[in-house]
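Shown next, in structure tokens, is the structure this report addresses.
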Amino acid sequence: MPRWLPRAMVMALALVAVFQLGTWAFHQLTSLLINILIAFFLALAVEPAVSWMAARGMRRGLATAAVFLGLLVASAGFVTLLGSMLAGQIVDMVEDFPEYLDSVISWTNETFHTDLSRLEVQDSLVHSDWLRRYVQNSATGVLDISAQVLGGLFQLLTLTLFAFYFAADGPRLRRALCSVLPPARQAEVLRAWEIAVDKTGGYLYSRGLMALISGVAHYVLLQWLGVPYAPALAVWVGLVSQFIPTIGTYLAGALAMLIAFTVDPWYALWVLGFVVVYQQFENYMLQPKLTAKTVDIHPAVAFGSVIAGTALLGAVGALIAIPAVATLQAFLGAYVRRYDVHDEARVSGHRRRAPGPVLLRVRKALRLPNEETAGPDVITPSEPLPGEEGGATRAEPGGERPEDREDPPDRT
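This is the structure we're talking about:
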């Protein structure tokens, strides 16, 4: 046995063990890494506001706390407003449920020629096995829902703390990053960092603008249908549909449909159709154009990045896909060297092609009659034929070229 074989086997086993340990640790820390990534982009989003307040004499930590406190107050007020509205609508629906049931029973009896009554329907619902199983499953799922709520609150707290530290210690983080780079690269990294802040801010600006457009459009519809709480519902649809990716549109539309159903069941169908049509308009026309202008990436790249982010990280990936791609583009722009394009005609697609042999023959055939009618001393201009380039001269009317003539002998 060679002497190096046992050592090589030990090294191979050690590498396999380290790889397995790293894979296990990565899977265990996936949620934490995702929270750190989201917190980093959230810190980039609040960086302009924090820097503006810090430039006017406020300490950076206090400025960061003020920004996050403002966001917390706005979110709490929004949730409280919608919660009170939803609770009031649920109470109204419970009180008006007998009237809805009577209207449904009357429509069923008239349409299908049945003889149903409210007492029969209520008795069948109360004594149905489906309702009993639903109540039992709901009672057993209370603990699971409570655990999910507590886990979500803990994740939100972790995300907020990381975002606060990233925003408050932003200059220190940049200094630590630049300290491991040569001086020639430090300016480029700082420039790329500033561009990343601008891209993330532009992305949030575009989402806010789309939330405003969506809210106004849904407000016009709800107000036209006479649905109560139209302003609050419009704000709900605008914010939830833009800042909760993938399912935000359907979640926001479900609440609007529920409130519209209390007025007229047909209004709920109107709201559903409008939500579906507007979502397609937003995904394929509005969002790519706005993100292309504010984040400065191509609409196809923006659309593809959202799809890729959803496939990789789900709803979180869809939310941070566009600012992540814009930030990556900014960092690549700091390191990748670009050159001027010389052959502009080929790049723009306006390349001028030379005429082929067939076209030359057609031109020659159309030109020969003119040459025959011309006098013997007149030379008709023509374009050089293939093979006559590179200094070749055209033939004279006699059929001889000047270079083919022999010089007369010297008689002296």
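With the first letter of the sequence shown counted as 1, position 34 gets the number 34 in the UniProt record's numbering; the numbers rise by one all the way through.
No residue lacks a Cβ here, since even glycine has one placed at the ideal position from N, Cα and C.
Everything numeric in this text was worked out from a predicted model, so none of it was measured.
Per the C-alpha coordinates, the member of Thr64, Ile320, Lys289 and Leu222 positioned closest to Leu269 is Leu222.
Ranked by how close their Cα comes to the Cα of Met85, the residues Ala25, Ala211 and Ala234 have Ala234 in first place. Using a Cβ-Cβ distance cut-off of 8 Å, the stretch 39-51 and the stretch 198-205 are in contact, since at least three pairs of beta carbons, one from each stretch, lie closer than that value. Pairing Ala256 with Val271 gives a Cβ-Cβ distance under 8 Å. Looking at Ser214, Glu99, Glu188 and Gly61, the one whose alpha-carbon comes closest to that of Leu161 is Gly61. Leaving aside the five residues that flank Asp102 on each side, the residues in its chain whose CB is nearer than 7 Å to its CB run, in chain order, Arg118. A direct Cα-Cα distance of roughly 24 Å separates Leu5 from Leu21. Per DSSP, His218 is one residue of the alpha helix (DSSP H) stretching across Pro183 to Leu225. By alpha-carbon distance to Tyr278, the top candidate from Ala260, Val237 and Phe303 is Val237.
Taking the C-beta atoms as reference points, Val67 is found no nearer than 8 Å to Ala55. Cβ-Cβ distances below 8 Å link Phe261 to Tyr267 and Ala268 in the same chain, with the five nearest sequence neighbours on each side left out; the list follows chain order. Cα atoms of Pro288 and Phe303: separation of roughly 7 Å, rounded to the nearest angstrom. Beta-carbon to beta-carbon, Ser214 and Glu282 are separated by about 7 Å, close enough to satisfy the 8 Å threshold. Within the model, the alpha-carbon separation for Asn35 versus Val73 is close to 22 Å. In the pairwise beta carbon analysis, the stretch 27-41 is classified as touching the stretch 313-331: at least three pairs are separated by under 8 Å. Sequence-distant Cβ neighbours of Ala168 in its own chain, meaning closer than 7 Å and more than five residues away, are Arg60, Gly61 and Thr64.
Val180 sits in coil when the DSSP states are folded into three classes, being neither helix nor strand. DSSP, reduced to helix, strand and coil, places Leu69 within a helical segment of the structure shown. In terms of Cα proximity to Pro323, the closest of Leu313, Val306, Leu312 and Ala311 is Val306. Counting along the chain, the unbroken alpha helix (DSSP H) around Asp102 starts and ends at Phe97 to Phe112.
With fewer than 16 other Cβ atoms from the protein chains shown falling within 10 Å of its own Cβ, Ile90 counts as exposed. Secondary structure remark: continuous alpha helix (DSSP H) runs of at least 4 residues inside the stretch 247-313, in chain order: 248-263, 265-281, 287-294 and 299-313.
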